[in-house]
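**Student:** When you line the sequence shown up against my numbering, it's residues 16 to 247, in that order.
Beta carbons are placed, not taken as given, at the ideal position from N, Cα and C, and that holds for glycine.
Source: prediction; values computed, not measured.
Mind looking over this structure? Questions follow.
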Amino acid sequence: MIDLYYWPTPNGHKATIALEEMGLAYTVKPVNILGGEQHRPDFAALSPNTRIPAIVDHDGPGGPDGSKAHGVFESGAILMYLAEKSDQFWPADAAARSDVIQWLFFQCANVGPMFGQCGHFRGYAPEKIDYGINRYCGETVKLYGVMNRVLGTRAFLAGTDYSLADMATYPWCAPKIRDLHAIDIDDFPNVKRWASEIESRPAVQRGMAVMGEVMKIGNPDETARAALFGKP
Ligand SMILES: N[C@@H](CCC(=O)N[C@@H](CS)C(=O)NCC(=O)O)C(=O)O
């Protein structure tokens, strides 16, 4: 059994989508990041950067202490771990596997951080700072352009097959998150086609629904602001 330390955010949804796609049994362990639970010492021991998602696989590869439990933090690493464990979405062909890893890293190193900061400066910053909005939301538009060009040449980000890269990227391009980022999806028709194909997948719908609408987008209260960003 896998314990998933989770809150319903785009990074959390990457893990629920992958677990659902792979048919792996998991127990959700909510970590209320708006209430500061990510800073609990027991969670920080598992996820040193105090961010969700993280997993503990109680049937893992084992360690020197003889325990089979294995913890993983960082969503991209979690997806790779689950793919290897389940032997799904982990191409045997080295070139195809490399393509998946490249686009998974593209998500983790670019889409997540830039979209995240765009959302922060547009929706969460206590004051509107044009420089931050222009910098990060400009990068967001640029990244949509990259994806739109690539998705004009193939069905999915890493090639002809749906992959970990799509599971990681879709939650960041889901409708409510697009609104937060002020993205008009009609400007990116190939991303629109790709996103609608992904959101029609039952496993994606199940993954996106875990804990439903607990996380409100924008306008955090004082407790949430202190938990997420420290005191302003
Ligand atoms: N690079 C990390 C980012 C994870 C991340 O930013 N998680 C957010 C939720 S989407 C979080 O836990 N925020 C809590 C905080 O910043 O205190 C990953 O991909 O797992």
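Is the region 66 to 81 close to the region 139 to 155, with three or more CB pairs under 8 Å?
**Tutor:** no
**Student:** Express the C-alpha separation of V115 and A173 in angstroms, rounding to a whole number.
**Tutor:** 5 Å
**Student:** What does DSSP give as the partner residue(s) for D18 in the beta ladder?
**Tutor:** T42 and V71
**Student:** Identify, in the order they occur along the chain, each residue of the same chain with its Cβ nearer than 7 Å to the Cβ of L97, setting aside the five sequence neighbours on each side.
**Tutor:** Within the same chain, L97 has close Cβ partners A33, L34, M37 and L39.
**Student:** What's the gap between the Cα of G77 and the Cα of G86?
**Tutor:** 10 Å
**Student:** When burial is assigned at 16 or more other CB atoms within 10 Å of the CB, is N149 buried or exposed?
**Tutor:** That one is exposed.
**Student:** Taking the C-alpha atoms as reference points, what is the distance between M162 and R208?
**Tutor:** 12 Å
**Student:** Are A30 and S90 close, meaning C-beta to C-beta below 8 Å?
**Tutor:** Their beta carbons are under 8 Å apart, which means A30 touches S90 by this criterion.
**Student:** Tell me the rounded alpha-carbon separation between N125 and L158.
**Tutor:** 8 Å
**Student:** Say the cut is 7 Å; is the CB of T184 nearer than that to a heavy atom of ligand 1?
**Tutor:** no
**Student:** Can you have a look at Y185 and say buried or exposed, based on whether 16 or more other CB atoms are within 10 angstroms of its CB?
**Tutor:** buried
**Student:** Answer yes or no: the CB of G134 versus the heavy atoms of ligand 1, is any distance below 7 Å?
**Tutor:** no
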